[in-house]
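Data first, discussion second: the structure below is written as structure tokens.
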Amino acid sequence: MKLIVLIKMVPDVVEELVIGEDGKSLDIDAVRMTLNESDDHALEEAILLKERLGGTVTVVALDSPEVDEALYTAIAKGADRVIKITGIDLPPPTRETALLMAEVLRSQPGLLPADAILTGSQAIDDLDGLLAPLVAHELGLPYLGILTRICPAEDLKSATVLKEFAGGLRGEFEVPLPAVLGVQSAEKPPRYVPVAKVRAAMKSAQIETVPAPARGDRELVCVSAMRIPEEAGAAEMLEGSPEEVSGKLCGVLAERGLL
Amino acid sequence: MASAACLLPGTTEITIENLMQTPEGRRVMSCLQCGVCVGACPYGEVMDYPPRRIIAMLRAGMVEKVYYSDSLLACVACYTCMYKCPRDIRLTDTILPLAKEQVLIHQPDLPAELQRALQNTLRYGNPMGESSRKRAAWVKTCPVPVRIFSEDPRPADVLWFVECYTSYYPRGQDCCRATARLFHALGVDFAILGNEEKCAGECGRLTWEPGLYETLMDYNMAVFGKYRFNRVVTSCPHAHNAFKCRYINFGFNYELHHVTPYLAAHLDRLKPMLRRKLNLKVTYHDSCCLGRQNEFFDAPRELLNAIPGVKLVEMTHNRGNAICCGGGGGGMWLDTYYKSKGYERLSERRIREALATGADVLAISCPYEVSRFEDALKVVGGDKKMVVRDVTELLAEALEV
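Residue numbers (numbering that gives the first Met the number 0), protein chains in the order written: chain A, 0 to 258; chain B, 0 to 400.
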């Protein structure tokens, strides 16, 4: 099974977020970047499929601080080929990301046709989960997202997928392949890869680089301002026995006109 | 019995396969199969492959079987087997971590909590996944000034290597503030690495992840090289262990102390300052790395006895026989896993012994133990009867007049 995984780096919210001088983007030198969590799941799902059915996994990423580490880790986990798109402003908005990735997939030899293109179904800078459907649109492929399981048919002409809905509902769909699939979570949590294996990958494997295709006017919407949330006052702790606390709680609610 | 030297000098590429070509490996082969290690091991009864059997499997050429068992997840690196071994086989320093490395490679799924801790330690330099840029945030809450080398790189006598739980965990920070006050009282010329410090990585090498350990060691050694100091004093017995056992083979040639024995060495000057009477009945828990590994049994007790109004009582298992808190060897991040397997948590076993002494305070000297024992007290319903305090906290309290 020939699989392509699209991954991207997102701001690491463990570290403090710093807004850049333009007031509408993050200061890329001050924030740390980390692999988008659901992309990590998409990679894990692809590796699991490769282990089960054979084939290859190619990972495509946009250049970003710390992306090399993510790509070498992908190799250590079992990816066969890793490609980095270079020469871009960081981090590009979702539509531009989708157009760049679609163009690279089309133009680079040996990528398309693939049986499936997997990517995370959401990212903290793409809560709408638009990346996968936009890539699918560009490539003229079907799309299904928020998936938790992908079971390709024996002839690889279709796949049965499990899609998550709100309220604990799940739906089973059949999708023709090739398709773009947005992964919510892999069947198993992303595996641990010993650091020594990543170090070995750094020595033996090569990250292919592809210059970003020429940029046109790609954004339809743009950010006009970005602000750090203001800190509000501290929480008030209600102390005492359960009876006392419930009394105080009722008092607070009544005081605020909520009872 | 534990001796001063550790592990295998000058070796980075020792594996369980070539271990046998080393003198330590040949010592492993001299195992009597007496089984004292299994009997002494706090989790010996739940292990399919306790130390004795691992050696037997190694001899029989069947050691691979051990790698596919989750048996060694129950090894909390407490040094009990090594301390009791009549052949002086350095189990906890050599064969057990080497076997564990293989378990990490061969086990398809690591318990999630442990995996998360290892990934966090690699990325953020601390297992809890806190921001590496907030490591020195506690300094702002400290009642005395704490110099950070990156802000003021003048040479210092002591590099205080604070470590993770002490830097981030709120109760660990209490130990930091106490230590800083004691250093000031003694006039120690000290500085810390602040946000440049990362976990020493003992949980890596001595447990599962040699690659993680080496990454952290390379990093910390490079940071040490930036500043001038005469000695390293650390708040964490596990960092002490890492420096003593492994860093030393890679150019770490500073005089090394853990805070507790370091303070005990200055007790003649410290004692006259301990004027506040605490009126407490205290029992002391020997941390594995300070106790069995280094035999620092007397130093913490001397310090506690120097505090006015402290009555020191001993638990049934004390000094070399102390029961591990269950936090070593990765156990710190395996509590959920142990619970799911139905194992008794060692911190709970230990806290029952502590409560049985009738003491008001359980004194400790390892930052892992504060959270472990405070949690255990709540679990066994003893949190109204006893509190957990680092030895430094009790000393700092006694400083107040």
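The beta-carbon is built from N, C-alpha and C at its ideal position, and this holds for glycine as well.
Since the model is a prediction, treat every value here as computed from it, not as a measurement.
Are the CB atoms of B:Cys80 and B:Leu90 nearer to each other than 8 Å?
Here residue 80 of chain B corresponds to residue number 81 of the second sequence, with the count starting at 1. Here residue 90 of chain B corresponds to residue number 91 of the second sequence, with the count starting at 1. Against a cut-off of 8 Å, the Cβ pair of B:Leu90 and B:Cys80 comes out as a contact.
Anyone know if the C-beta pair for A:Ile116 and A:Val9 falls short of 8 Å?
For the purposes of this step, residue 116 of chain A is taken as the residue at position 117 of the first sequence. For the purposes of this step, residue 9 of chain A is taken as the residue at position 10 of the first sequence. Their beta carbons are not under 8 Å apart, which means A:Ile116 does not touch A:Val9 by this criterion.
Considering just the uninterrupted stretch of the alpha helix (DSSP H) at A:Pro263, what are its terminal residues?
Because chain A here runs from 0 to 258, residue 263 of chain A falls outside it and cannot be looked at.
Counting contacts by CB-CB distance shorter than 8 Å, is A:Glu229 in contact with chain B?
Position 230 of the first sequence, counted from the start, is the residue given in the question as residue 229 of chain A. Not closer than 8 Å to any Cβ of chain B, the Cβ of A:Glu229 fails to qualify, so no.
Straight-line gap, A:Gln183 to A:Thr147 (C-alpha atoms, nearest Å):
Reading the first sequence from its first residue, position 184 is the one you call residue 183 of chain A. Reading the first sequence from its first residue, position 148 is the one you call residue 147 of chain A. Distance between the alpha carbons of A:Gln183 and A:Thr147 is about 6 Å.
Terminal residues of the alpha helix (DSSP H) in which B:Leu361 lies
Locating residue 361 of chain B in the second sequence gives position 362, counting from the first residue. From DSSP, B:Leu361 is part of no alpha helix (DSSP H) but of the beta strand (DSSP E) over 360-363.
Identify the residues that DSSP records as bridge partners of A:Asp125: which are they?
The sequence position of residue 125 of chain A within the first sequence is 126, counting from 1. According to DSSP, A:Asp125 bridges with A:Ala122.
Could you check the C-alpha separation between B:Val27 and B:Phe251 for me, to the nearest Å?
Position 28 of the second sequence holds residue 27 of chain B. Position 252 of the second sequence holds residue 251 of chain B. So the alpha carbons of these two residues sit roughly 27 Å apart.
Identity of the residue in B:Val309, B:Tyr283, B:Pro96 nearest B:Pro299 by Cα:
Translated into positions along the second sequence, residue 299 of chain B becomes position 300. With distances taken between Cα atoms, B:Pro299 lies closest to B:Tyr283.
Out of A:Leu47, A:Glu229, A:Leu161, which has the shortest C-alpha to C-alpha gap to A:Arg169?
For the purposes of this step, residue 169 of chain A is taken as the residue at position 170 of the first sequence. Closest by alpha carbon: A:Leu161.
Residues of chain A with CB under 8 Å from B:Gln114, in chain order?
For the purposes of this step, residue 114 of chain B is taken as residue 115 along the second sequence, with counting starting at 1. Result: Pro188, Tyr191.
Going by Cα to Cα distance, which pick from B:Gly60, B:Ile104, B:Ala59, B:Arg349 is closest to A:Lys196?
Indexing the first sequence from 1 puts residue 196 of chain A at position 197. Among B:Gly60, B:Ile104, B:Ala59, B:Arg349, the Cα nearest to that of A:Lys196 belongs to B:Ile104.
From B:Gly186 to B:Arg180, what distance separates their C-alpha atoms?
Numbered from 1 along the second sequence, position 187 holds the residue referred to as residue 186 of chain B. Numbered from 1 along the second sequence, position 181 holds the residue referred to as residue 180 of chain B. C-alpha separation (whole angstroms): 10 Å.
What does DSSP give as the partner residues of B:Ala298 in its beta bridges?
Taking the first residue of the second sequence as 1, we reach residue 298 of chain B at position 299. Partner(s): none; B:Ala298 has no beta bridge.
Between the alpha carbons of A:Asp11 and A:Gly86, how many angstroms are there, rounded?
For this step, residue 11 of chain A is matched to residue 12 along the first sequence. For this step, residue 86 of chain A is matched to residue 87 along the first sequence. Using only the alpha carbons, I get a separation of about 22 Å.
Where DSSP assigns a beta bridge to B:Pro142, which residues make up the other side?
Within the second sequence, the letter at position 143 stands for residue 142 of chain B. None, per the DSSP bridge assignment.
For the stretch 230-240 of chain B and the stretch 216-232 of chain A, state whether three or more C-beta atom pairs, one from each stretch, are separated by less than 8 Å.
no
Residues near A:Leu248 by beta carbon distance below 7 Å, same chain, minus five either side:
The sequence position of residue 248 of chain A within the first sequence is 249, counting from 1. Hits under 7 Å: Leu237.
Name the two residues that bound the continuous alpha helix (DSSP H) containing B:Ser370.
Position 371 of the second sequence, counted from the start, is the residue given in the question as residue 370 of chain B. Note, B:Ser370: alpha helix (DSSP H), 366-378.
Among all the DSSP beta bridges, which residues are the ones paired with B:His257?
The residue given as residue 257 of chain B occupies position 258 in the second sequence. For B:His257, which the question treats as bridged, DSSP gives the partners B:Thr233.
Got a sec: is the Cβ-Cβ distance from A:Ala318 to anything in chain B below 8 Å?
Coverage of chain A is limited to positions 0 through 258, which leaves residue 318 of chain A absent and any answer about it impossible.
Quick check: is the beta carbon of A:Leu195 nearer than 8 Å to any beta carbon in chain B?
Reading the first sequence from its first residue, position 196 is the one you call residue 195 of chain A. According to the sequence shown, residue 195 of chain A is Ala rather than Leu. A:Ala195 counts as touching chain B.
DSSP three-state assignment for B:Met272, whether helix, strand or coil
Residue mapping note: residue 272 of chain B aligns to position 273 of the second sequence, counting from 1. B:Met272 falls in the helix class under three-state DSSP.
Counting pairs of Cβ atoms below 8 Å between the stretch 173-190 of chain A and the stretch 204-220 of chain A, do you hit three or more?
No: fewer than three Cβ pairs fall under 8 Å.
Report back the beta-carbon spacing between B:Arg176 and B:Pro142 to the nearest angstrom; my notes put them in contact at under 8 Å.
Counting from 1 along the second sequence, the entry for residue 176 of chain B is found at position 177. Counting from 1 along the second sequence, the entry for residue 142 of chain B is found at position 143. Going by Cβ atoms, the distance from B:Arg176 to B:Pro142 rounds to 6 Å, so yes, they are a contact pair.
Compile a chain-ordered list of the residues in the stretch 87-105 of chain B whose CB is closer than 7 Å to at least one CB of chain A.
Leu103, Ile104
Thinking C-beta only, is B:Val258 closer than 8 Å to B:Ser234?
Here residue 234 of chain B refers to the residue found at position 235 of the second sequence. Here residue 258 of chain B refers to the residue found at position 259 of the second sequence. Yes, the pair counts as a contact, with Cβ atoms nearer than the cut-off.
Chain A partners of B:Tyr422, CB-CB under 8 Å?
The structure shown does not extend to residue 422 of chain B, since chain B is modelled only from 0 to 400, so the question has no answer here.
Give the single residue among B:Arg227, B:Ala305, B:Leu398 whose Cα lies nearest to the Cα of B:Arg275.
Numbered from its first residue, the second sequence carries residue 275 of chain B at position 276. Residue B:Leu398 is the option with its Cα nearest to B:Arg275.
Taking any Cβ of chain B, which residues in the stretch 3-16 of chain A have a Cβ under 9 Å from it, in chain order?
Asp11, Val13, Glu14, Glu15
Measuring CB to CB, does A:Lys1 end up less than 8 Å from A:Ile46?
Indexing the first sequence from 1 puts residue 1 of chain A at position 2. Indexing the first sequence from 1 puts residue 46 of chain A at position 47. Taking 8 Å as the Cβ cut-off, A:Lys1 and A:Ile46 do not qualify as a contacting pair.
Near B:Gln172, what residues of its chain come up, given a Cβ to Cβ distance below 8 Å and the 5 sequence neighbours on each side ignored?
Against the second sequence, residue 172 of chain B aligns to sequence position 173. Only Trp137, Thr140, Thr165, Ser166 meet the Cβ criterion.
Rounded to the nearest angstrom, what separates B:Val309 and B:Val157 at their Cα positions?
On the second sequence, position 310 is the one that residue 309 of chain B refers to. On the second sequence, position 158 is the one that residue 157 of chain B refers to. Approximately 29 Å, taken between the alpha carbons.
Kindly indicate which three-state DSSP category B:Phe228 falls into: helix, strand or coil?
Counted from its first residue, the second sequence places residue 228 of chain B at position 229. DSSP places B:Phe228 in strand when its eight states are reduced to three.
Is there at least one Cβ from chain A nearer than 8 Å to B:Pro8's Cβ?
Here residue 8 of chain B refers to the residue found at position 9 when the second sequence is read from its first residue. Low confidence applies to B:Pro8: its pLDDT is 45, below 50, so where it sits in the model is not reliable enough to give any reading.
Range covered by the beta strand (DSSP E) that runs through A:Val9
Taking the first sequence and counting its residues from 1, one reaches residue 9 of chain A at position 10. Looking at the DSSP string, the run of the beta strand (DSSP E) that includes A:Val9 is 8-10.
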